[in-house]
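K.L.:
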Amino acid sequence: MTETANVVIIGSGPAGWTAAIYAARANLAPVLFEGPQPGGQLTITTDVENYPGFPEGIMGPELMQRFRDQAARFGTQIHSENVVSVDLKSGAPFSVRSAEREVCAHTVIISTGASAKLLNLPDEGAFMGHGLSACATCDGFFFKNKHVFVVGGGDSAAEEANFLTRYASKVTLVHRRDSLRASKIMQDRVLANPKVSARWNSEILEYLGTPGQRLRGARMRDTQTGVIEDVTVDGIFLAIGHVPNTEMFRGQLTMDAKGYLQTTPGRAATELPGVFACGDVQDSYYRQAITAAGSGCMAALEAERYLEAVGH
Ligand code: NAP
Numbered sequence: 477m478t479e480t481a482n483v484v485i486i487g488s489g490p491a492g493w494t495a496a497i498y499a500a501r502a503n504l505a506p507v508l509f510e511g512p513q514p515g516g517q518l519t520i521t522t523d524v525e526n527y528p529g530f531p532e533g534i535m536g537p538e539l540m541q542r543f544r545d546q547a548a549r550f551g552t553q554i555h556s557e558n559v560v561s562v563d564l565k566s567g568a569p570f571s572v573r574s575a576e577r578e579v580c581a582h583t584v585i586i587s588t589g590a591s592a593k594l595l596n597l598p599d600e601g602a603f604m605g606h607g608l609s610a611c612a613t614c615d616g617f618f619f620k621n622k623h624v625f626v627v628g629g630g631d632s633a634a635e636e637a638n639f640l641t642r643y644a645s646k647v648t649l650v651h652r653r654d655s656l657r658a659s660k661i662m663q664d665r666v667l668a669n670p671k672v673s674a675r676w677n678s679e680i681l682e683y684l685g686t687p688g689q690r691l692r693g694a695r696m697r698d699t700q701t702g703v704i705e706d707v708t709v710d711g712i713f714l715a716i717g718h719v720p721n722t723e724m725f726r727g728q729l730t731m732d733a734k735g736y737l738q739t740t741p742g743r744a745a746t747e748l749p750g751v752f753a754c755g756d757v758q759d760s761y762y763r764q765a766i767t768a769a770g771s772g773c774m775a776a777l778e779a780e781r782y783l784e785a786v787g788h
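Residue numbering for the sequence shown follows this note's numbering, starting at 477 and increasing by one per position.
1) Can you give me the C-alpha to C-alpha distance between M540 and Q513, rounded to a whole angstrom?
2) Considering V666, what are the terminal residues of the alpha helix (DSSP H) in which it resides?
3) Under 8 Å, with one C-beta from each stretch per pair, do the region 535-555 and the region 588-601 reach the 3-pair mark?
4) T730 to G630, Cα distance in whole Å?
5) Can you tell me whether I661 is buried or exposed? The criterion is at least 16 other CB atoms within 10 Å of its CB, across all chains shown.
6) Locate the beta strand (DSSP E) running through Y782, then write down its first and last residues.
7) Beta-carbon within less than 6 Å of T494's beta-carbon, same chain only, minus the 5 sequence neighbours each way: which residues are those?
8) Taking three-plus beta-carbon pairs below 8 Å as touching, is the region 676-684 in contact with the region 699-710?
9) In three-state DSSP terms, what is S556?
10) Whole-angstrom Cβ separation of Q758 and Y736, contact assumed at under 8 Å?
11) Scan the region 527-590 and note each continuous alpha helix (DSSP H) run of 4 residues or more that stays entirely inside, going in chain order.
12) If we ignore side chains and look at the alpha-carbon of each, how far apart do S561 and Q728 end up?
13) Determine the direct distance from the alpha carbon of K646 to that of F530, and round the result to whole angstroms.
14) Using the Cα positions of L656 and L504, report the straight-line distance between them to the nearest angstrom.
15) In angstroms, rounded to a whole number, what distance separates the CA positions of V650 and L714?
16) Going straight from the alpha carbon of T739 to that of T641, what length do you get?
17) Relative to the alpha-carbon of G489, which residue among R501, I520, T478, M477 has its alpha-carbon at the smallest distance?
18) Terminal residues of the continuous alpha helix (DSSP H) containing I712?
19) Using a Cβ-Cβ distance cut-off of 7 Å, determine whether N621 contacts chain B.
20) Would the region 552-569 count as touching the region 704-722 if we require 3 or more Cβ pairs under 8 Å?
21) Grouping DSSP H, G and I as helix and E and B as strand, with all else coil, what is V707?
22) Whose C-beta lies closer than 6 Å to the C-beta of G796 among residues of the same chain, with five residues either side of it excluded?
23) Run the proximity test for D732: is its beta-carbon closer than 6 Å to any non-hydrogen atom belonging to the ligand NAP?
24) Give a yes or no on whether the C-beta atoms belonging to V643 and F617 are separated by under 7 Å.
25) Closer than 6 Å to a non-hydrogen atom of the ligand NAP - does that hold for the CB of G735?
26) I'd like to know whether the C-beta atoms of A496 and A547 end up nearer to each other than 7 Å.
27) Can you tell me the Cβ-Cβ gap for F603 and Y683, rounded? I've got them flagged as a contact below 8 Å.
28) Strictly closer than 7 Å from CB to any heavy atom of the ligand NAP: give me those residues in the order they appear in the chain.
Okay, here's the thing in structure tokens:
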């Protein structure tokens with residue numbers, strides 16, 4: 477079945493839903509594909525306490541349900557489907573396909589987000605939000621006076637370890653090698669922090685605890701000696717990098733070396749007229765729900781102006 481649309485939005489995190497709300501209120505009848513993780517990364521966290529407007533905090537999944545309800549209220553057509561291919565190169569109207577349909581879109585807003593790299597260990601999903609996290613800014617607050625691990629050796633791990641010392645009584649940086657990849661200044665800062673210690677040459681083999689309820693530790697292996705040890709810890713933060721969800725656009729849009737889409741600085745426009753990008757798919761720096769939502773608004777306003785300019 478082939479349909480046409482003024483605006484097709486791919487992805488349903490804060491950026492996608494905000495783009496939908498703005499486009500719908502501009503009477504553009506947007507079509508949104510929710511994708512493989514409806515609601516995006518916020519659905520794998522618990523309380524969100526830094527999203528303005530919710531002084532008591534709100535659960536991540538509930539916040540995203542509210543975004544969705546607001547977009548639906550103004551007439552967004554929502555497809556709970558994965559986009560399997562897009563043709564941007566042939567120009568507008570752009571073909572966006574799921575297994576169920578093809579939509580020919582006058583504009584496309586890409587908000588496919590990024591995914592935190594995980595260790596791919598058993599029960600990882602069930603421990604998420606129950607002692608396991610991939611976002612110190614989101615979840616650090618819940619580890620007041622606790623002992624936490626931060627896994628990784630890059631700038632993110634160094635930054636998250638430092639950040640977590642605001643709450644945790646003890647932070648152990650767990651790295652698979654014996655030297656950090658992080659920049660010198662970040663290394664110096666984190667290793668000088670009296671609350672931080674490093675556990676070198678260490679990898680996690682298994683999460684310990686009750687999946688879906690509470691993590692209580694990890695089975696660790698020394699990568700040099702092979703010695704295995706069960707260690708008790710209150711929380712584990714993974715900081716081993718993120719990957720933008722851009723595979724589908726490879727060869728069609730310019731990306732940086734890590735695969736993030738490139739937009740005009742300060743704008744949501746990609747190099748293809750009528751194609752816009754917002755949220756984490758084009759932002760490796762801030763990666764916050766509120767910044768993603770802001771860029772979703774920008775993308776919708778730009779799509780609206782573009783459509784007006786080309787006479788749609
Ligand atoms: P990154 O530089 O790619 O570092 C990832 C770290 O995780 C590495 O130390 C890596 O170990 C480790 N790792 C990866 N896969 C692993 C696995 N399966 N098991 C165990 N460890 C694993 O990622 P990032 O730290 O997120 O940084 C991304 C980019 O953002 C970098 O360019 C960074 O400079 C930048 N950044 C900058 C700032 C800042 O300037 N304030 C803050 C955050 C990020 P190995 O070292 O052994 O490969």
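Heads up, the beta-carbon is just placed ideally off N, CA and C, and yes, glycines get one too.
P.N.:
Result, derived from the coordinates:
1) 11 Å
2) 660-668
3) no
4) 25 Å
5) exposed
6) No beta strand (DSSP E) holds Y782; the alpha helix (DSSP H) holding it covers 765-785.
7) A769, G772, C773
8) As far as the Cβ criterion goes, the region 676-684 touches the region 699-710, which means the pair count is three or higher.
9) coil
10) 6 Å
11) 536-549
12) 11 Å
13) So the two alpha carbons sit approximately 30 Å from each other.
14) Between the alpha carbons of L656 and L504 lies a distance of about 49 Å.
15) 10 Å
16) 35 Å
17) I520
18) Counting along the chain, I712 falls outside any alpha helix (DSSP H), though it belongs to the beta strand (DSSP E) covering 711-714.
19) Reference to chain B is not applicable here, since this structure consists of a single protein chain.
20) no
21) DSSP places V707 in the strand class (E or B) of the three-state scheme.
22) This structure leaves residue 796 out entirely; the chain is present only between 477 and 788.
23) No, the Cβ of D732 stays beyond 6 Å of every heavy atom of the ligand NAP.
24) For clarity, residue 643 is Tyr in the given sequence; the question names Val instead. In this structure, F617 lies closer than 7 Å to Y643 by Cβ.
25) no
26) yes
27) Sure, about 5 Å apart at Cβ, within 8 Å.
28) K593, L595, V627, G628, G629, G630, D631, S632, A633, E635, H651, R652, R653, L656, R657, A658, S659, M662, E679, A715, I716, G717, H718, S760
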